Every structure is written in C-alpha cells, then in structure tokens.
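Asks: Residue numbers (this note's numbering): 65 to 470. C-beta atoms are modelled at their ideal positions from N, C-alpha and C, and glycine is treated no differently. Keep in mind it's a predicted model, so treat the numbers as computed, not measured.
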Ligand SMILES: Cc1ncc(COP(=O)(O)O)c(C=O)c1O
C-alpha cells in the first residue's frame, strides 16, 4: 500500500509543462492573463490559476502535492523555512490570551519563538515532558489552543504518543501539530494517528543534500487554506528554485531513508559497545523504554543518534574536533554524516536548568548519519575516540581553557 503512495508522489506532474519528463522550473514572478476579465476572475477566485508567485507557482504547487501524497494529507503548503511555518501556525490560529503547550526538548528556536516573541503579544506557553501523558493533561489550561510536539525529540529521541495526544487535543479543541522532521513521511505519518497538522523543516531529510532552507505544513483543506491565505499576506514563501530541488529530492526520499536507517543501525551497534560511552540515544535501541509505542507509530528509525561520553564539554569538543570525514554542522538529514554539540548550539537557547531537565548535557554529542559507506563513518568515529584516550597535555589544556568559559 505504502509503495503505491510513493509511486503516485513521484509521478505528480506540472500540467502546464506536460511534455517535459523532468519538470522544468517555473522561474517566473508573474503570469500572462489572456484578458482583463481573466485577471479579475483569478483574483476574485471565480476561476483557479496562477496569479503571482508569492502565493501561486507551479513548482511550489508540485512540491506541495508530492509532500501531501507522502503524508496522506488533503493538502500541503510550503514556506521559506521551518520557523516561518511555525510562525504561520501561530499567527493564523492564535490570538491574544491563548496558551500553547510545547513538548520538552523540541528544537530550541521553536520554544524561543513562542516564549520570547509571542509572550509579548499576550500568548503564553508552557513545556511538558514529551512522554508524560499525565503531565500533558495537568498542564492544559482553559485557553490552551495549540499543542506542539516533535517526535522523536531531537536530541534525546524520546517519543510522543501521537494517538493519545490527539485525543487530549480533540477534547480540548486545540490544534495538534506534529513536527515530523526527524523521520520524514517515509517513517511516520502523524495524520494517520490523529494529528491535525504535520510540520517539516524540509531542508533536512526531505532535501537530503543540505542545499535548501524551507518549511512545509500538511493537513486537511480546512486547516491548510487559512495558512495559504496567511502566506499570501505575509510573503514568507518558498522560492520556485528551492521547490524544484525539493520535488526532485522527494523522488528519492524512500530509498534514501532506507539507506540512512541501515547505516544508523550499524553505527548504533558500534557505539553501544564502546568503553568511553555512557549511553546512546536512539529509537533503534530494542530496550528503549517506549519500544512498543515506537513499533506501533513508526515505520522506521531516525538516522539521528546521540551519545554521552565519559567526561564533559572538553571531551565532547575534543571528539568533535577530531573528525576528518564527519562534518561539524548544525544541520541534520544530509547525505554527509554530521556532528553537533547540542548544549552549545541547537539547544543553547535553553537555560542550564532546562537543558539538565531535558538531558541535553555537556557530554552529549549528536550525529546525523549520512549515506557514506558505514565502515568509513565508523572508522572516523574510531579515530576520534582514540584521540580522547590520549590525555590532554598541558599546552593543549590551555587551548581548551576557553571551552569551559563559554
Ligand atoms: C525538528 C526541527 N523543526 C524545525 C526546525 C526549524 O526549521 P528551519 O531551520 O527550516 O527554519 C528545525 C531546524 O533545525 C528542526 O530541527
């Protein structure tokens, strides 16, 4: 059944460019109307068609249709970034006096957006441990209008029970958003478990080659249409060129995710038996405390692995600095394996106390496993681990003094 969806997604076409087998990019800002009345009819919505590329563009439309097919959604809408997709949800569906519930450990900038900026407009936000269902119920307020989870969470790989949370959201009449960036629709389709909207930072696995910044939201026509109306007024649109790249990427998404997962399993198994590792976080772990939920909800595992090593920030940074193949990047979902120190980068906006609560410790390292030969990824890890077995000599320790002061 799922393979039929993939075939259908890959074979979506741009109608106006019907005979080019690889779709051309619709690099145009405006459209040539046949008459003044045709322009008027399109503007008033009497007839459908392109108007202006801030809100209608065939390349963007093609990408949106492919993503909607993958997610099993009625419709999708694309944005200039994942954060502008979050902004769209907040501005479209919230008003002064509303409250938002956010899952613990989600991307730091998402929490920052709601707390720092929307706080100024009288919208409050609180954070709940992602896997504590009773906690979710306790934190609900009469004015909770939006519930946002990322599952699995980055970087701890804890899992939200989408079905349970969707029931809580429905009873509350709140919109329930699932950020599906870490799995892609190949490994998880949150709408099938009751989510109202699915959000992606599409520059991650969906692009898969680290070329594009973009975002997208999928869901019912009823919820996507107001987001499209907002897009027309806000102008936070995806470019035609980026949409074209993303459409091409969608054609290989299924195959890429299988390879990412297979590599991640091999790296996980290697990490698991290393002496200097305290713990490895991954839904691949057969003893993961939420293993049953994972097998029910996910069709595969995120290629994001995090591990904590013996020591603290100095040891973590030393490993990170020793990689030769693995790139030091704060992105995820690239063909190239990448490493990040979450406590001082992606999750640096959380307070020390919050980071402790969410398990984002100084000795935690995040890997986004790429598509290289897994043996080469493991070789690079092995060499870096050897580097921390060598004690830090006195002149080196000076070099690392600044590390602790940041
Ligand atoms: C899970 C997740 N959601 C949303 C975002 C924000 O997306 P963008 O960087 O496209 O604005 C990120 C960015 O890293 C992310 O990791």
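Reducing DSSP to helix, strand and coil, say where residue 337 ends up.
Replies: Coil at residue 337, not helix or strand.
Asks: Using only the alpha-carbon positions, how far apart do residue 163 and residue 242 sit?
Replies: Distance between the alpha carbons of residue 163 and residue 242 is about 17 Å.
Asks: With DSSP collapsed to three states, give me the class of residue 95.
Replies: Coil at residue 95, not helix or strand.
Asks: Between the alpha carbons of residue 384 and residue 94, how many angstroms are there, rounded?
Replies: About 47 Å.
Asks: Are residue 219 and residue 404 close, meaning C-beta to C-beta below 9 Å?
Replies: Yes, Cβ-Cβ distance for residue 219 and residue 404 is below 9 Å.
Asks: Can you tell me whether residue 107 is buried or exposed, with buried defined as 16 or more other CB within 10 angstroms of its CB?
Replies: So residue 107 ends up on the exposed side.
Asks: For residue 404, write down the residues that DSSP places opposite it in a beta bridge.
Replies: Note: residue 404 sits in a beta bridge opposite 430.
Asks: Going by DSSP in three states, residue 194 sits in which element: helix, strand or coil?
Replies: Here residue 194 sits in coil by DSSP.
Asks: Just to confirm, is the Cβ distance from residue 123 to residue 307 under 9 Å?
Replies: Cβ atoms of residue 123 and residue 307: closer than 9 Å.
Asks: Please report the residue range of the alpha helix (DSSP H) in which residue 378 lies.
Replies: Here the alpha helix (DSSP H) through residue 378 covers 377 to 386.
Asks: Helix, strand or coil: how does DSSP classify residue 163 here?
Replies: Residue state, collapsed to three classes: strand.
Asks: So does the segment 103 to 122 actually touch the segment 289 to 297, counting three or more Cβ pairs closer than 8 Å?
Replies: Result yes; three or more Cβ-Cβ pairs closer than 8 Å.
Asks: Under 8 Å: does the beta carbon of residue 147 sit that close to some heavy atom of ligand 1?
Replies: Result yes, Cβ under 8 Å from ligand 1.
Asks: Name the one or two DSSP bridge partners that residue 243 has.
Replies: Beta-bridge pairing links residue 243 to 214, 263.
Asks: Report buried or exposed for residue 453, applying the criterion of at least 16 other Cβ atoms within 10 angstroms of its Cβ.
Replies: Exposed: under 16 other Cβ atoms inside 10 Å.
Asks: Under 8 Å by Cβ, that's how I've got residue 143 and residue 137 pegged, so tell me the actual separation to the nearest angstrom.
Replies: Not quite, the Cβ-Cβ distance comes to about 15 Å (not below 8 Å), so this is no contact.
Asks: Please report how far the alpha carbon of residue 340 lies from the alpha carbon of residue 374, in whole angstroms.
Replies: For residue 340 and residue 374, the distance between alpha carbons rounds to 6 Å.
Asks: Measure how close the beta-carbons of residue 372 and residue 427 come, nearest whole angstrom, since I'm counting them as under 8 Å.
Replies: Between residue 427 and residue 372 the Cβ distance is about 5 Å, and since that is below 8 Å, they are a contact.
Asks: Does the Cβ of residue 326 lie closer than 8 Å to at least one heavy atom of ligand 1?
Replies: Flag unset: Cβ of residue 326 not near ligand 1.
Asks: Could you name the residues of the same chain whose beta carbon sits closer than 6 Å to that of residue 188, not counting the 5 residues immediately before and after it, in chain order?
Replies: Same-chain partners within the cutoff: 163.
Asks: Count the other C-beta atoms from every protein chain shown that fall within 10 angstroms of the C-beta of residue 350, then say buried if there are 16 or more, exposed otherwise.
Replies: Residue 350 is exposed by the Cβ-count criterion.
Asks: Measuring only from the beta carbon, is residue 262 closer than 8 Å to any heavy atom that is part of ligand 1?
Replies: Checking the Cβ of residue 262 against ligand 1 gives no.
Asks: Measure the CB-CB distance between residue 389 and residue 450 and report whether it falls below 9 Å.
Replies: Contact: no.
Asks: Can you grab the Cα-Cα spacing for the pair residue 73 / residue 177, in whole Å?
Replies: Distance between the alpha carbons of residue 73 and residue 177: 33 Å.
Asks: If you draw a straight line from the alpha carbon of residue 418 to that of residue 212, how long is it in whole angstroms?
Replies: Rounded to whole angstroms, residue 418 to residue 212 spans 18 Å at the Cα level.
Asks: Let's test the definition: count the other Cβ atoms within 10 Å of the Cβ of residue 206 and tell me whether it reaches 16, buried, or not, exposed.
Replies: It counts as exposed.
Asks: I'd like to know whether the C-beta atoms of residue 232 and residue 261 end up nearer to each other than 9 Å.
Replies: No.
Asks: Check whether the Cβ of residue 265 sits closer than 8 Å to any heavy atom of ligand 1, and report yes or no.
Replies: At least one heavy atom of ligand 1 is nearer than 8 Å to the Cβ of residue 265, so yes.
Asks: Have a look at residue 467 and residue 85 and give me their C-alpha separation to the nearest angstrom.
Replies: Confidence is the limiting factor: at residue 467 the pLDDT is only 45, short of 50, which leaves the residue's position unreliable and the question unanswerable from this model.
Asks: Please state whether the Cβ-Cβ distance between residue 166 and residue 174 is less than 9 Å.
Replies: Taking 9 Å as the Cβ cut-off, residue 166 and residue 174 qualify as a contacting pair.
Asks: Quick test of your reading: residue 145 and residue 277, contact by CB under 8 Å. State the CB separation rounded to the nearest angstrom.
Replies: Between residue 277 and residue 145 the Cβ distance is about 5 Å, and since that is below 8 Å, they are a contact.
Asks: For residue 88, which three-state DSSP category applies?
Replies: Correct three-state label for residue 88: coil.
Asks: Measure the beta-carbon distance from residue 204 to residue 158 and round it to whole angstroms, keeping in mind my assumption that it falls under 8 Å.
Replies: In fact, because the Cβ distance is near 16 Å, the residues do not count as touching under 8 Å.
Asks: Look at residue 304 and residue 131 and say whether their C-beta atoms are less than 9 Å apart.
Replies: In this structure, residue 131 does not lie closer than 9 Å to residue 304 by Cβ.
Asks: Would you check whether ligand 1 has a heavy atom nearer than 8 Å to the C-beta of residue 214?
Replies: Yes, since a heavy atom of ligand 1 falls inside the 8 Å radius drawn around the Cβ of residue 214.
Asks: Use the C-beta contact count for residue 274: other C-beta atoms within 10 angstroms, 16 or more gives buried, fewer gives exposed.
Replies: Looking at its Cβ environment, which holds 16 or more other Cβ atoms inside 10 Å, residue 274 is buried.
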